[in-house]
Structures are given as C-alpha cells and as structure tokens.
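> Chains as they are written, first to last, in our numbering: chain A, 3 to 113; chain B, 141 to 501; chain C, 2 to 333.
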Amino acid sequence: MSVNFGYTISLPRAVDLDRNDFSVALRVLRRLPELESCIGCGGCTATCTAGAFTEFNFRRVQTLVRRGEYGGAYREMNKCMLCGKCRLVCPRGINTRAVVMTIKRELGTGY
Amino acid sequence: MKRTSWQEYQKKVADDDYYYVRSCIRQNFFPGSEKAFLNIIGGDLGRSIYENPEHTTCTGIGYHSDIVPMETTMTVVARQFALLTESGRENLAVSCITSFGLYTEMLETWHEFPETEERTRRYLKEATGREFRKPKNVAHTSDIMFHHREEIARKVRHRLVNVKTGEPLRVVDHIGCHYAKLFPKVGIGGAEFPHVLAGMVEAWGGEVIDYPERRHCCGFGFRNYLVKANRGFSIANTHKKLESMAPFKPDFIITNCPGCPMFLDRWQYTIAEMEGTTYGQDGVGIPALTYEEVAGLVMGYDPWALGLQMHQVNVEPLLDKMGVKYDPAAKYLGLNGKYIGKPADTAVNINCGTQQVIRNL
Amino acid sequence: MKNHKVIVVGGGAAGLQAAATLKELGVEPLIIEREMQTGGKVRRWHRLFPDFTSASEVLATLEKNAEGIETLCGVMVDSIDATGVTLAGGRHIKADAMVVATGFDLFRAELKEEYGYGIYDNVYTSADIEDMLNGDGVRLKDGSAPGRVAFLHCVGSRDEKVGQPHCSRLCCITAVKQAMELRESFPDAEIYNYYMDIRMFGAGYEEMYRSAQEDGEVRFVRGRISEASPTIDGRVQIKAEDTLLGRPVKMTVDMLVLAVGMTAAESNGRLGVGLQSGGFIAPRDLFTGAVYSPDAENIFYAGCATAPKNIGETLNEATAAAVKAAEFLLEK
Numbered sequence: 003m004s005v006n007f008g009y010t011i012s013l014p015r016a017v018d019l020d021r022n023d024f025s026v027a028l029r030v031l032r033r034l035p036e037l038e039s040c041i042g043c044g045g046c047t048a049t050c051t052a053g054a055f056t057e058f059n060f061r062r063v064q065t066l067v068r069r070g071e072y073g074g075a076y077r078e079m080n081k082c083m084l085c086g087k088c089r090l091v092c093p094r095g096i097n098t099r100a101v102v103m104t105i106k107r108e109l110g111t112g113y
Numbered sequence: 141m142k143r144t145s146w147q148e149y150q151k152k153v154a155d156d157d158y159y160y161v162r163s164c165i166r167q168n169f170f171p172g173s174e175k176a177f178l179n180i181i182g183g184d185l186g187r188s189i190y191e192n193p194e195h196t197t198c199t200g201i202g203y204h205s206d207i208v209p210m211e212t213t214m215t216v217v218a219r220q221f222a223l224l225t226e227s228g229r230e231n232l233a234v235s236c237i238t239s240f241g242l243y244t245e246m247l248e249t250w251h252e253f254p255e256t257e258e259r260t261r262r263y264l265k266e267a268t269g270r271e272f273r274k275p276k277n278v279a280h281t282s283d284i285m286f287h288h289r290e291e292i293a294r295k296v297r298h299r300l301v302n303v304k305t306g307e308p309l310r311v312v313d314h315i316g317c318h319y320a321k322l323f324p325k326v327g328i329g330g331a332e333f334p335h336v337l338a339g340m341v342e343a344w345g346g347e348v349i350d351y352p353e354r355r356h357c358c359g360f361g362f363r364n365y366l367v368k369a370n371r372g373f374s375i376a377n378t379h380k381k382l383e384s385m386a387p388f389k390p391d392f393i394i395t396n397c398p399g400c401p402m403f404l405d406r407w408q409y410t411i412a413e414m415e416g417t418t419y420g421q422d423g424v425g426i427p428a429l430t431y432e433e434v435a436g437l438v439m440g441y442d443p444w445a446l447g448l449q450m451h452q453v454n455v456e457p458l459l460d461k462m463g464v465k466y467d468p469a470a471k472y473l474g475l476n477g478k479y480i481g482k483p484a485d486t487a488v489n490i491n492c493g494t495q496q497v498i499r500n501l
Numbered sequence: 002m003k004n005h006k007v008i009v010v011g012g013g014a015a016g017l018q019a020a021a022t023l024k025e026l027g028v029e030p031l032i033i034e035r036e037m038q039t040g041g042k043v044r045r046w047h048r049l050f051p052d053f054t055s056a057s058e059v060l061a062t063l064e065k066n067a068e069g070i071e072t073l074c075g076v077m078v079d080s081i082d083a084t085g086v087t088l089a090g091g092r093h094i095k096a097d098a099m100v101v102a103t104g105f106d107l108f109r110a111e112l113k114e115e116y117g118y119g120i121y122d123n124v125y126t127s128a129d130i131e132d133m134l135n136g137d138g139v140r141l142k143d144g145s146a147p148g149r150v151a152f153l154h155c156v157g158s159r160d161e162k163v164g165q166p167h168c169s170r171l172c173c174i175t176a177v178k179q180a181m182e183l184r185e186s187f188p189d190a191e192i193y194n195y196y197m198d199i200r201m202f203g204a205g206y207e208e209m210y211r212s213a214q215e216d217g218e219v220r221f222v223r224g225r226i227s228e229a230s231p232t233i234d235g236r237v238q239i240k241a242e243d244t245l246l247g248r249p250v251k252m253t254v255d256m257l258v259l260a261v262g263m264t265a266a267e268s269n270g271r272l273g274v275g276l277q278s279g280g281f282i283a284p285r286d287l288f289t290g291a292v293y294s295p296d297a298e299n300i301f302y303a304g305c306a307t308a309p310k311n312i313g314e315t316l317n318e319a320t321a322a323a324v325k326a327a328e329f330l331l332e333k
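As structure tokens, this is what we get:
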C-alpha cells in the first residue's frame, strides 16, 4: 500500500538520450535517410494547411520521433492531410509525406 | 501584374476526340456546368465528345478520406482506362479536379513503381477480364476550355466587362488543390502561378486580381468538411480567403474544382449568419462560379439554364454588370416549370428574415 | 600568332589581382573579360562587409595595380586546354599558362517562384539593393521609403529544390550589412531578418551581426519564409514558422529582400575542365592543391570559380595562383 503524501516525485523534463528507445527512429531513418538532413528551417510548418488552425507542427513531431520521443506522435501525424505543400518548400528535398506515413506505420496506433 | 512565368509550364491538351468522364458531386452541386461544357465544346465548337455510361466514381473521395485503399483505387482507375481503350479514344477529359489529380497520381505511381502497374493489370484482368492502354492525353476540362479560350472569345456575346463603366470585371481565380499542387508540371502555369482560369478571364475581357491568400485552400478539404466536428477548420479556411480578397472588391470568383465553388458560395451564407458579415461589393456576397458557367454567360446562354440559381449568393448583380438579360420570375422554376425551392439569402445584414425558407426543410 | 605567356580568364577581383601579381613578377599577362569592362561583381557592390569599406575604393586599387595590362573586353572564352584558350566563335589563343578566374553567377531569384521576384513590386534581391545604394538610395517601387523590411537568407543556397545544395557563405553577412545600411537610411523602420542558420565565418562578421542586433535593432526570426504574396496596397505578405516558438507567423512588409546565393558560373560547363557536383570547377584538392588544376599542369584557379569566397580570400588565392603560374613558367 503506497502512502499518499499529497504529492508525487516530479518527472524530469529532459529528453533522456541515454534511456530513450531509438528503434522506431532508426527504422524510420533507414527508410528515409534524408530526414536526418532536416535543418529545422520551419518551411514545412509555415506552409502547413493542417497547422494553420490546429497545433500540428510537422517539424517538431518528426524531430521528437528522431530523439526517441514517441508519445502522441501517431495522433499528431494523423492531423496531416497529406496535401504535400511542405514537400514543395523543403530545401532539403525531404519526402515529407513519406515521413508522415512511415512514422505512422512504424509506431502504430498505440502512440 | 508581371505574370509571365506561367508560360514555362505548358502542357499538351488534345484538340478534339475527347472521352468525357463526369464528376460524382458536380451534378448535385452545380448541375448546369457539365451540360454547359458539353454544349459549348461539343455543340458550339463542334468537337467530338464521347461519354460512357459504364464509367464509375474514381474513388477519389473515399481515397482521400482513408476509406478506399490505394490498390482498390488503382484497379478502379485501371477499369476506367479499360473503358477508354474499348471506346477507341485516347484523350481523357476529366471533369473533376480530384479525379484529374487521382488519375495523374496513379499514372505517376505506375511510372515510378512499375510493379504496381503490373499488379493492377493482374487485378483488373482477374476481376473483370478487361485490359487497358494508358490514355495518350489526360486533361482536366478546364485545360480544354483554356485550350479553346480564343475560339470562344471570337464567339463572345457578353464580355467580362462592366457594361455601364466599360471597365473590365475584377475576377478572383481559385484553382482546385488537386489540379497542380500534387504535380505542378501537369497544370497550366504550375502550382504557384496557375494560369488556366486566369487565361480564360483575360481572353474574355476580365482582369484577374492577385491577393495574399490566392493559393490557400477553399475550405473543402475532405476531412475538414466530411466530419462535422472538423467543419470549423473548413469554414476558417474560407473565411481567411474571403477576408483576404475582400479589399480588392472582386466582381466574382471563378473556380475549376467541384468543391471550391460550393464552399466559397455556401460558407458566405454561414459566415453571414455567424458573424453578420456579407462580403462583396455592397455587401451582397461574391458569386463563386464554375468556369463552365462563366463560359456559358460569355457565350450568351440563359443564366437559369446554366443553373446559376443553384448559387446561394445571388448572381443578378453580376448579370446586370455584364448586361445579361434574364427573367427574374423564372429563376426558381425547374425545367418542368415547377418551383424548385429557394435558398436563404446570403445578405443577412440587408434582408433579414429570409432565412427560414430552406433552413427548416 | 602571338604566343602569350599567361592568359587570365576573367577580369573581376580575382582576375585583376592575378594579372597585377604576374606583372609584378615580370610576366606580361593577357586578361580576357566577357563584360564590356573589368571589375566583375565588385563593381555592382556599394560598400563591403564587415566594415563598410567602399567597394569602388577596393576596385580602384585593383585596377590601378593592373593598369597597362593588355585586356580584351566583351570577349567570351569558350574552352580551355593545355595549349591555350578558344574564344566563342572559334578563335584560338595560345598561351604557356592560364589562370582561370571566372567567378560565379548570382542565383536567379525568379526560380524560387513562391517569393514572387520579378512579379510583385517590392520584392528585391540583395544585388538590387546594392544598385539602389549606388544610385539614389533604397526606395520602394512608388518612390517612398520603406517602413518595414524583411530580409530572407538562403535564397538559392542550401536548397535542393533549385539544385543549389551548397552554402554560399556570404549571403548571411550581406543581409546583415544591408540591414544595417537600411537602418542608417531609415532610423524608424522595422527590419527583420528571416534565417535558417546564421553563418558568420569571417573576421569581424560575428561582431557585425551582434552590432546589428544591439545597435541596429534588427530583429532576427529563425524560420525560412515559405511564401510571399501581394497585398492590395503593393506590400508583401510573408509566411514562415517562428521555429523557436513552434508556431506559424505571418507579417506584411513594405519590402522583401532576397539574399541571393552564389551559384557556379553557367559558363563553367563549357570550359572543358573538371567540375564538382555543384558545377563549380574542381581544383586538384582542397588543401595543398586549391589553385592547381587536376586537368593540366599549366592551368591555375583563383577565386569563386571553385567555390563561394569573400573578396579577401579571393585576392589571396589570386596572388597564389599567379605566383604558381610564374613559377611554372620559370621551371619550364
């Protein structure tokens, strides 16, 4: 029986690169190695149709996935309408639509 | 405006012998438009158009709503091509923007991944016994109208000019997203400066205006509208566009997609009800027409035969500017002469109290 | 036909410096310049980063040092080989050695269609700004002063979509320099710089950047503009993501300045020498062989023909190439 002290041990905010599981991130990057070349310019998010009225941020979600932070990523990527405007502006030529589909496929609906 | 870069994006559009494939939803939204295309291109310009009654949906709505898997879509598209092949024609004339985008997408996919084409051919053969050749030319019907714009201009009855002032009408063009945003190379003018509608407007005497949200989505976006909980995003997009174009005081909007004229039209009424704002000159709304309707008006067709009464924003102010004659009493009479009903008025801030007509049906 | 000792291909900063150095070393070179006068891109620039030195002063020094050197202007070199150069039209000029100083091309901003250069009034390139600074000063299309300006870095640099994967290195500092020049002209203007990364590689550059932030009150937004569109009053609406906020931003500016990159000279492809993947000429190696050609022992390279460089680096390399060319003649 645990004792209720009225508070819990706060979780650390740091992205823990020692403990995070990178297996999904590696599978995504093996399929789409150019994703690692993202320079975070934000062109994708600036032009994003889904992000215009929701908090969907493609740049942020795919970066979190690459850091092994998968929580909520499937749900977020589901907001993408696959319109492809981001792919037109990406200076790195990243196949952003494939990134969305691959992350969703590799993560599965549990996230 | 110095807009010449569209000339770098040219596509071949067949001149004759079209195999016409209709849209699923256009005949409900604006039923006169496809008829007008057939009358103008087939009748007035004397081109040969063939329609096959066995043609079905391309699956576009289901495909873009995550209901129909890609393999199914490919096989359905292959069947459409098989019907085309059996007809002996080669020039696909696609009425719907999403179908046009979908056919292009499947052809590109087969080109990039030949194994998917092989698989599709096998599925089609097993399911229907049919075989197909790819079309020689795939054009959206707005491409075809653009292709013939000068010939239409030579037969013009009413130019896109204000008959009272002699000034060109100010026109906002809105291109369906699936026209060139999927594959810029298949759209006349590409994705950034599409010229397909602008070219018609200029050929028929109007002036195209550019405004900040010109490239923004009309607000349909299948998932945005089909799920009611998402409709706030749909109307927000339309709202954004209308706010952006309002200072330019456009006379009308010309569109080439099934959904765009519907949403740019109907959401004007909804925004008027929600916020009390009606856009357009004198606050009576901005008519959002299809390019076939515009071509029909230019050619002197009767506005009610073109189905302009299906627009919730009243088109009469535009007809008056163009000097088009019409019978006000006949507006809401169907082909059989019976009253077809009347939508609520978009100009809620001017004519209060007319809304109950259709809302309670 | 006369056999020249050394032909210097290109009469810009690198070509003038190489020719002047050769002359100092007692070798009479021939300069071949495609434009009607020498001076290259420097002639178009007003003041130079990071200390606002007048470009015309630098050019005057270069031209004075190269005074009296035989120069063919308005003549295009078609190709180069170990025997000499062939001009457009087929005429061949023999030489014992060549210094290739063909420079770079400015990126054609109209290729980035989404920014509307050449279509919307009040979208300019950094080179247009220099033209205006050299003329009557920076003005909007209608002749008025801008109240709000946005610079966009990396136009035609680090961009796969237009086949320019390299960093042009100098656009960042150019945009910062011009932002400060605009601040000088328009003390009350709002000035924004939109960037992906700020790359301040040269001596004094980082200091100039900091000065722009602190003294110049230039605001830096970390995000790449995704599109520009015209407003009814001739202004430009831009959209980007403020990546540090993680939210899309939009703003309307009076003037949008595209900091255009340096692309490989289009003529490089015809020269007949080996190129790098981005179209710049390939030197023997990037360390001890930067001025040598791997194609022939009597061909030497200087300046932006091989990669984007600033003027100081270009002049040093031109001196080195000239010395090596002179040494080659001595050893022959």
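Positions of the beta carbon are idealized from the N, C-alpha and C atoms, including for glycine.
Based on the DSSP output, what are the partners of B:Arg310 in its beta bridges?
DSSP lists B:Glu347 as partners of B:Arg310.
> Under 8 Å: do the stretch 12-19 of chain C and the stretch 31-42 of chain C share three or more Cβ pairs, one atom per stretch?
A contact exists between the stretch 12-19 of chain C and the stretch 31-42 of chain C.
> Would you identify the three-state DSSP class for C:Val292, choosing helix, strand or coil?
Note: C:Val292 maps to coil in three-state DSSP.
> So, C:Val101 versus C:Leu88, is the Cβ gap smaller than 7 Å?
Against a cut-off of 7 Å, the Cβ pair of C:Leu88 and C:Val101 comes out as no contact.
> Tell me the start and end of each unbroken alpha helix (DSSP H) in the stretch 163-249 of chain B that is at least 4 residues and wholly inside, in chain order.
The qualifying runs are 166-169, 172-177, 200-204, 210-227.
> Given that a residue counts as buried once 16 or more other Cβ atoms are within 10 Å of its Cβ, and exposed if not, what is B:Val303?
Answer is exposed; the Cβ neighbour count stays below 16.
> Between the Cα of A:Thr104 and those of A:Cys82, A:Val5, A:Leu13, spot the shortest distance and give me the residue it belongs to.
Taking only the C-alpha atoms, the option nearest A:Thr104 is A:Cys82.
> Where does B:Ala484 fall in DSSP's three states?
Here B:Ala484 sits in coil by DSSP.
> I want to verify the contact list: residues of chain C whose CB lies under 9 Å from the CB of A:Arg61, in sequence order.
In chain order: Glu242, Thr244, Gly247.
> On the DSSP letters alone, give me the boundaries of the beta strand (DSSP E) that B:Ile393 sits inside.
Start and end: 392-395.
> Only counting the same chain, and skipping five residues up and downstream in sequence, which positions put a Cβ closer than 8 Å to that of A:Lys106?
So the qualifying residues of the chain are Tyr76, Met79, Asn80.
> Using beta carbons (cut-off 7 Å, strictly below), is B:Phe388 in contact with chain C?
Output row for B:Phe388: interface = yes.
> Expressed to the nearest angstrom, what Euclidean distance is found between the alpha-carbon atoms of C:Ala176 and B:Tyr431?
Those two C-alpha atoms are separated by around 44 Å.
> Cβ atoms of B:Arg270 and B:Leu264: under 7 Å apart, would you say?
Cβ atoms of B:Leu264 and B:Arg270: closer than 7 Å.
> Count the other C-beta atoms from every protein chain shown that fall within 10 angstroms of the C-beta of B:Gln147, then say buried if there are 16 or more, exposed otherwise.
When all chains shown are included, B:Gln147 counts as exposed.
> Around the Cβ of C:Ala20, are there at least 16 other Cβ atoms within 10 angstroms (buried) or fewer (exposed)?
Classification for C:Ala20: buried.
> Compute the distance between the beta-carbons of B:Gly346 and B:Leu300, then report whether it is under 7 Å.
In contact: B:Gly346 and B:Leu300 (Cβ atoms closer than 7 Å).
> Measure the C-alpha to C-alpha separation of C:Thr126 and C:Asp198 and round it to an integer number of angstroms.
Roughly 19 Å separates the two Cα atoms.
> Could you tell me whether the stretch 3-21 of chain A touches the stretch 29-40 of chain A, where touching means 3 or more Cβ pairs closer than 8 Å?
Short answer: they don't touch.
> Hey, how far is the Cα of C:Tyr193 from the Cα of A:Pro93?
Using only the alpha carbons, I get a separation of about 21 Å.
> Look at B:Gly202 and B:Thr238 and say whether their C-beta atoms are less than 7 Å apart.
Contact: no.
> Going by the DSSP bridge assignment, what does C:Phe105 pair with across the sheet?
Bridge partners of C:Phe105: C:Ala265.
> Taking all protein chains shown into account, do 16 or more other C-beta atoms lie within 10 angstroms of the C-beta of C:Cys74, making it buried, or fewer, making it exposed?
Exposed: under 16 other Cβ atoms inside 10 Å.
> Ignore the nearest five residues each way along the sequence and tell me which others in B:Lys380's own chain have a CB closer than 7 Å to its CB.
Taken in chain order, the residues that qualify are Glu353, His356.
> For the stretch 391-467 of chain B, list the beta strand (DSSP E) runs that are entirely contained and at least 3 residues long, ordered along the chain.
Correct list: 392-395, 428-430.
> The beta strand (DSSP E) spanning C:Arg220 covers which residue range?
219-223 is the extent of the beta strand (DSSP E) around C:Arg220.
> For the candidate residues B:Glu332, B:Tyr160, B:Tyr472, B:Met385, whose alpha-carbon lies nearest to that of B:Ile189?
Nearest of B:Glu332, B:Tyr160, B:Tyr472, B:Met385 to B:Ile189, Cα basis: B:Tyr160.
> Among the residues of its own chain, which have a CB less than 6 Å from the CB of C:Glu34, if the five just before and after it don't count?
Excluding residues within five positions, the ones whose Cβ falls inside 6 Å are Gly12, Cys74.
> Measure the alpha-carbon distance for C:Glu64 versus C:Gly117 and round it to whole angstroms.
Rounded to whole angstroms, C:Glu64 to C:Gly117 spans 38 Å at the Cα level.
> Please determine, among A:Gly112, A:Thr49, A:Phe55, A:Cys88, the residue with the shortest C-alpha to C-alpha distance to C:Ala229.
For C:Ala229, the nearest C-alpha among the options comes from A:Thr49.
> Taking only runs of the alpha helix (DSSP H) that begin and end inside the stretch 136-198 of chain C, which ones reach a length of at least 4 residues, in chain order?
172-186, all fully within the stretch 136-198 of chain C.
> Relative to the C-alpha of B:Glu307, which residue among B:Ala320, B:Ala233, B:Trp344 is closest?
Of the candidates B:Ala320, B:Ala233, B:Trp344, the one whose C-alpha sits nearest the C-alpha of B:Glu307 is B:Trp344.
> What residues in its chain sit with their C-beta under 8 Å from that of A:Gly110, if we drop five residues either side in the sequence?
Correct list, in chain order: Tyr76.
> Helix or strand or just coil, what does DSSP make of C:Gly90?
Correct three-state label for C:Gly90: coil.
> Using only the alpha-carbon positions, how far apart do C:Lys325 and C:Phe301 sit?
Cα to Cα, C:Lys325 sits roughly 8 Å from C:Phe301.
> With burial defined as no fewer than 16 other Cβ atoms inside 10 Å of the residue's Cβ, what is the status of B:Pro254: buried or exposed?
It is exposed - the Cβ of B:Pro254 has fewer than 16 other Cβ atoms within 10 Å.
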